[in-house]
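Per the working numbering, the very first residue in the sequence shown carries number 75; after that it's consecutive. Glycine residues also receive a C-beta, built at the ideal position from the N, C-alpha and C atoms. None of the values given here were measured: they were computed from a predicted structure.
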Amino acid sequence: MIEIIEAKVEQLDIVQDIAQKTWPIAYKDVISSAQIEYMLEMMYSKSALKEQLEVKKHHFILAKKEKEFLGFASYELNCNSVGKTKLHKLYVLPETQGSGIGVKLVNFLSEKAKENHQSAIFLNVNKYNPAQNFYKKIGFVVAYEEVIDIGNNFIMDDFVMEKEI
């Protein structure tokens, strides 16, 4: 049975470990290996994760089966003060994808968003990332496109997807 738990600061190494295992596989056909390395350092270094949790007030949740952690998500309630929750991150170990863990993570944060009177959940997904099919399957639609300069001559070329709750 999969259990979804709120991550504590001392569990951010679990988030970091799952990201290191999933990113090279998830993005190998989407962005360059140099951009993967750059973004992993930018978003998943211990200091970056701690800042997201403690300063930016992102919530991290972990999917756990017995003693094994299989995936994580992070979200921000009332992002940009618009009454919507932003799903910042959602990654499941490659060997467990398709087993419903991603859906459980999204359902958990959907409940948290509802409890906090949010109207929708939104996220960014690379335009060439097959994960967008997962999001469409669970009710997200493309709201608009956005290109974000992330430094070091790299960009994020994304769809912003949204789901009303």
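| Check | Outcome |
| --- | --- |
| Check each candidate in Ile239, Ile212, Ser173, Gly225 and name the one with the smallest Cα separation from Tyr112. | Gly225 |
| Among Ala100, Lys139, Lys158, whose alpha-carbon lies nearest the alpha-carbon of Gln192? | Lys158 |
| Count the other C-beta atoms from every protein chain shown that fall within 10 angstroms of the C-beta of Lys120, then say buried if there are 16 or more, exposed otherwise. | exposed |
| Which class does Glu189 belong to by DSSP, given the choice of helix, strand or coil? | helix |
| Between which residues of its own chain and Ser184 is the CB-CB distance below 7 Å, once the five residues before and five after are set aside? | Ile195, Ile239 |
| So, using beta-carbon positions, are Val216 and Met235 closer together than 8 Å? | yes |
| Should Gly174 be labelled buried (16 or more other beta-carbon atoms within 10 Å of its own) or exposed? | exposed |
| Could you check where the beta strand (DSSP E) with Asp223 kicks off and where it finishes? | 215-225 |
| Could you compute how far the alpha carbon of Gly176 sits from the alpha carbon of Gln94? | 17 Å |
| Please classify Val156 as buried or exposed, where buried requires at least 16 other C-beta atoms within 10 Å of its C-beta. | exposed |
| Counting contacts by CB-CB distance shorter than 8 Å, is Glu169 in contact with chain B? | The structure shown has no chain B; it contains just one protein chain. |
| Could you check the C-alpha separation between Ala137 and Tyr165 for me, to the nearest Å? | 10 Å |
| Under 8 Å, do Asn203 and Val104 count as touching if we go by C-beta distance? | yes |
| Nearest to Leu167 by CA position, among Lys178, Tyr218, Gly145, Ile78, is which residue? | Gly145 |
| Could you tell me which uninterrupted alpha helix (DSSP H) segments, each at least 4 residues in length, are contained entirely in the stretch 145-196, listed from first to last along the chain? | 175-189 |
| Answer yes or no: do Leu179 and Ile78 have a C-beta to C-beta separation smaller than 8 Å? | yes |
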